[in-house]
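This report refers to the structure that appears directly beneath it.
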């Protein structure tokens, strides 16, 4: 089997298409077609975003799948879940937020 390493084929016979990149692109498309979220202007297909509910609440919705590093067996300290771009965005937006309540989801 493959750990969904980008560019590598999948070894499991249950997938008709063995391309990880193709399967990931289809999953992202399905997410955007069936979830009631708007596309962001900053980056096409981007999932992470901030939703403000008046002056009291900001909700920061994160993407914990698309930006993570490949599995590093034995080197867990170097692994990232959010990626550097999303992490920098979250820190910047949390500092900018004037809301009384901030929720990270």
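Numbering (my numbering), first residue to last: -3 to 101. Ideal Cβ positions, reconstructed from N, Cα and C, are used throughout, including at glycine. Since we're looking at a predicted model, the values are computed, not measured.
1) Could you tell me which whole beta strand (DSSP E) segments of length 3 or greater appear in the stretch 46 to 91?
2) Which partner residues does residue 100 have in the DSSP bridge list?
3) Take the Cβ of residue 54 as the centre, count every other Cβ of all protein chains shown within 10 Å, and call the residue buried at 16 or more, exposed below.
4) Tell me the residue span of the alpha helix (DSSP H) that contains residue 22.
5) For a quick check, are the C-beta atoms of residue 82 and residue 57 less than 8 Å apart?
6) Using a threshold of 8 Å, state whether the C-beta atoms of residue 98 and residue 86 are closer than that.
7) Here's a check: name, in chain order, each residue in its chain whose Cβ is nearer than 6 Å to the Cβ of residue 96, leaving out the five neighbours to either side.
8) Beta-carbon within less than 6 Å of residue 65's beta-carbon, same chain only, minus the 5 sequence neighbours each way: which residues are those?
9) Per DSSP, what kind of secondary structure is residue 95 in: helix, strand or coil?
This is what the structure holds:
1) Complete beta strand (DSSP E) runs here, min 3: 53 to 57.
2) Beta-bridge pairing links residue 100 to 56.
3) Flag for residue 54 reads buried.
4) First-last of the alpha helix (DSSP H) with residue 22: 16 to 30.
5) Not closer than 8 Å, so no.
6) With a cutoff of 8 Å on beta-carbon distance, residue 98 and residue 86 are scored as not near each other.
7) Answer for residue 96: 52, listed in chain order.
8) Hits under 6 Å: 75, 76.
9) Annotated three-state conformation of residue 95 is coil, per DSSP.
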